[in-house]
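Right, one structure below, let's go through it.
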Amino acid sequence: MTEYLNVGKIVNTQGLKGEVRVISQTDFPELRYKKGTILTLFQEKKEPVELTIKSHRKHKNFDIVTFEGHFSINDVEKYRDGILKVSKEKLTDLPENEFYYHQIIGLSVIDENDQELGKIKEILSPGANDVWVVQRPKKKDVLIPYIKSVVQSIDLENGVVHVEIPEGLIDDEN
21 MTEYLNVGKI VNTQGLKGEV RVISQTDFPE LRYKKGTILT LFQEKKEPVE LTIKSHRKHK
81 NFDIVTFEGH FSINDVEKYR DGILKVSKEK LTDLPENEFY YHQIIGLSVI DENDQELGKI
141 KEILSPGAND VWVVQRPKKK DVLIPYIKSV VQSIDLENGV VHVEIPEGLI DDEN
């Protein structure tokens with residue numbers, strides 16, 4: 021059984037020439053939407069459809085994509101609200117110290133005192149660096165910046181991230 025990872029959601033068409041607007045959920049849009057890349061479209065109550073990327077450009081907060089063999093709005097209108105996914109087999113190996121979101125989400129976070137803070141439940145990309153949202157039992161979530169001074173090591177095999185929390189990052193008084 022092939023496993024798939026979300027790349028983005030088709031939220032609308034763009035113009036009349038078969039372009040679609042995608043809200044991306046991928047850390048590597050330039051890789052995922054590269055000409056010739058095959059993505060699989062999943063829609064409720066429909067068979068998955070394989071689509072080949074023909075072109076890609078950024079527009080505001082969207083990725084604008086066209087697919088081979090789809091020349092007009094009529095060809096892509098039916099794909100609205102569909103989720104574009106990539107099969108895990110098609111993932112490329114990343115350079116050292118780079119990770120896919122799905123590898124990080126779910127890992128346990130251990131602080132410098134060997135105390136477990138919680139588990140990473142989400143990754144935010146607000147700007148210069150990613151921010152990991154750590155869900156803690158019976159406490160507020162903690163936001164941890166993915167920077168060298170904070171994230172000491174990532175051990176995928178054991179499912180653990182070791183961090184050094186700067187003073188003031190965790191505010192437990194509220």
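If you count the sequence shown from 1, you need to add 20 to reach our numbering. The beta-carbon is built from N, C-alpha and C at its ideal position, and this holds for glycine as well.
Closest in C-alpha terms to Val180, from the list Ile124, Leu189, Glu70, Trp152, comes Ile124.
Less than 9 Å separates the beta-carbon of Lys105 from that of Val27. The residue from Val171, Gly126, Asp150, Ile58 with its alpha-carbon nearest to that of Glu70 is Ile58. The three-state reading of DSSP puts Gln123 in helix, counting H, G and I together. If you compare the alpha carbons of Thr33, Ile164, Ile167 with that of Ile93, the shortest gap goes to Thr33.
For the 9 Å CB-CB criterion, Thr86 and Val151 do not form a contact. When DSSP states are grouped into helix, strand and coil, Arg52 belongs to the helix group.
DSSP, reduced to helix, strand and coil, places Glu97 within a helical segment of the structure shown. Shown here, Glu109 sits in a helix according to DSSP, grouped into three states. Taking every protein chain shown into account, the CB of Arg77 has fewer than 16 other CB atoms within 10 angstroms, so this residue is exposed.
Comparing C-alpha distances from Val42 to each of Glu142, Leu51, Ile30 shows the shortest one belongs to Ile30. DSSP places Phe62 in the uninterrupted beta strand (DSSP E) bounded by 58-62.
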